[in-house]
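Undergrad: Quick note: the sequence shown uses our numbering, first residue 6, plus one each step. All C-beta atoms, glycine included, are put in the ideal place defined by N, C-alpha and C. Nothing here was measured: the structure is a model prediction, and the numbers come from that model.
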Amino acid sequence: MNKKIMDYIVVYIGCLIQAFSIVCILRPNNLTVGGITGLSLTIGKIFNMNYTYIYYAICLLILAAARVVLGMREVKKIILLSTTYPVILILVNQVKFNFLHDTPDKILICIYYGIFMGIGTGLVLKRGFSQGSSDTVAKILHKKLFSFMGISQVLLCIDITILLISGFVFGRTAVLYAIIMQMVYSKTISVVLFGFGSSLVKVVIISSHLDKISTFMSDTINRGYSIGYVYGGHNHVKRKKIISVCSLREAMLIKDFITKVDEDAFINIVPTISAWGKEDGLQNLKES
Numbered sequence: 006m007n008k009k010i011m012d013y014i015v016v017y018i019g020c021l022i023q024a025f026s027i028v029c030i031l032r033p034n035n036l037t038v039g040g041i042t043g044l045s046l047t048i049g050k051i052f053n054m055n056y057t058y059i060y061y062a063i064c065l066l067i068l069a070a071a072r073v074v075l076g077m078r079e080v081k082k083i084i085l086l087s088t089t090y091p092v093i094l095i096l097v098n099q100v101k102f103n104f105l106h107d108t109p110d111k112i113l114i115c116i117y118y119g120i121f122m123g124i125g126t127g128l129v130l131k132r133g134f135s136q137g138s139s140d141t142v143a144k145i146l147h148k149k150l151f152s153f154m155g156i157s158q159v160l161l162c163i164d165i166t167i168l169l170i171s172g173f174v175f176g177r178t179a180v181l182y183a184i185i186m187q188m189v190y191s192k193t194i195s196v197v198l199f200g201f202g203s204s205l206v207k208v209v210i211i212s213s214h215l216d217k218i219s220t221f222m223s224d225t226i227n228r229g230y231s232i233g234y235v236y237g238g239h240n241h242v243k244r245k246k247i248i249s250v251c252s253l254r255e256a257m258l259i260k261d262f263i264t265k266v267d268e269d270a271f272i273n274i275v276p277t278i279s280a281w282g283k284e285d286g287l288q289n290l291k292e293s
């Protein structure tokens, strides 16, 4: 099957899962979240209106604002799902079904929502699509009003503001549940995007015994590496360095070995979100 068609299929499966999460888990249990979804639910409850139409209207307003403030390039990134996902939400909203009708535990409901919504959003993001919701609003506000703040900080302020407003409508407890849902949601997205694989780290080593260290890495733990150069900031001496991406366990084995051969070595271990390549333990680029 054509890769582009496959991408669209996966993205819209993700959108269906998202809509299911809202319609069949979140709303029947009188819960709310941050972002455009939470704002739509809050406005809908205040004015006794269908929140899905409010969601669509907000998406179109964001799309128009993005065209004026951010330009056509940004609009092209979000126009597809900004106009079609709300339609999916409207259609799915016709289904009157509470997926967790026999589950009185709100914490469990929050976990279910976070997992389902995270899977749906992860599928969309993994294929490189964007729905242009509150993250686009954050970009607009950042450019026009809050350029002194980072976009992530503006986004956080938006979500906090929406949750505070929602708290007056859904109750203070609902805000705490929304935080739990956000935590599960974020972790699930990370798993969808990067998998359950062991944590990867980047190791940088500067030592007078790089030959011994590189031999240990290639022969004993079967880990590839690269050689680079670094200049000392104080003495301006040019030295070699080893750079490698490996599991945390392998990094500790390397560190233990270096301790035995060169106690004056410099070792820097930095967490890595993900890495692709043909090395053992890395994801294949074509399959990711």
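F25: which of E79, Y117, A70 and A69 sits nearest, CA to CA?
TA: Y117
Undergrad: So for Y236, helix, strand or coil by DSSP?
TA: strand
Undergrad: In chain order, what residues of the same chain lie with their CB nearer than 8 Å to the CB of V189, ignoring the 5 residues before and after it?
TA: C115, I116, Y118, G119, I120 and G123
Undergrad: Identify which residue in I226, M11, R72 and K207 has its Cα closest to the Cα of W281.
TA: K207
Undergrad: Starting from the Cα of Q99, find the closest Cα among L105, V142 and P91 and give me that residue.
TA: P91
Undergrad: Is the beta carbon of Q23 sitting closer than 8 Å to the one on G125?
TA: yes
Undergrad: Quick one, are the C-beta atoms of L46 and Y182 less than 8 Å apart?
TA: no
Undergrad: I'd like to know if the stretch 227 to 239 and the stretch 260 to 267 are in contact, where contact means that at least 3 CB-CB pairs between them fall below 8 Å.
TA: no
Undergrad: Below 8 Å, can you find three or more Cβ-Cβ pairs linking the stretch 253 to 262 to the stretch 220 to 227?
TA: Touching, yes, given that three or more Cβ pairs across the two stretches are closer than 8 Å.
Undergrad: For I167, is the classification buried or exposed, using 16 other Cβ atoms within 10 angstroms of its Cβ as the cut-off for buried?
TA: Around the Cβ of I167, a 10 Å sphere holds 16 or more other Cβ atoms; the residue is buried.
Undergrad: With a CB to CB cut of under 6 Å and the five nearest residues on each side skipped, what residues in its chain are close to K312?
TA: Absent from the structure is residue 312, since the part of the chain shown begins at 6 and ends at 293.
Undergrad: Can you check whether the C-beta of T193 is within less than 8 Å of a C-beta belonging to chain B?
TA: The structure shown contains no chain B; it is built from a single protein chain.
Undergrad: For A62, count neighbouring Cβ atoms within 10 angstroms of its own Cβ and tell me buried if that reaches 16, exposed if not.
TA: exposed
Undergrad: Could you check where the beta strand (DSSP E) with V209 kicks off and where it finishes?
TA: L205 to I211
Undergrad: Less than 7 Å separating the Cβ of G43 from some heavy atom of the ligand ATP?
TA: The ligand content of the structure shown is nil, which means the ligand ATP is not present either.
Undergrad: In angstroms with no decimal places, state the Cα-to-Cα distance between R132 and V15.
TA: The alpha-carbon atoms of R132 and V15 are separated by roughly 8 Å.
Undergrad: Closer than 8 Å by C-beta to L113: which residues in its own chain qualify, once you throw out the five before and the five after it? Chain order, please.
TA: Once the five neighbours on either side are set aside, the close Cβ partners of L113 are L105.
Undergrad: S87 to V196, Cα distance in whole Å?
TA: 25 Å
Undergrad: Return helix, strand or coil for F151, following the three-state DSSP convention.
TA: Coil.
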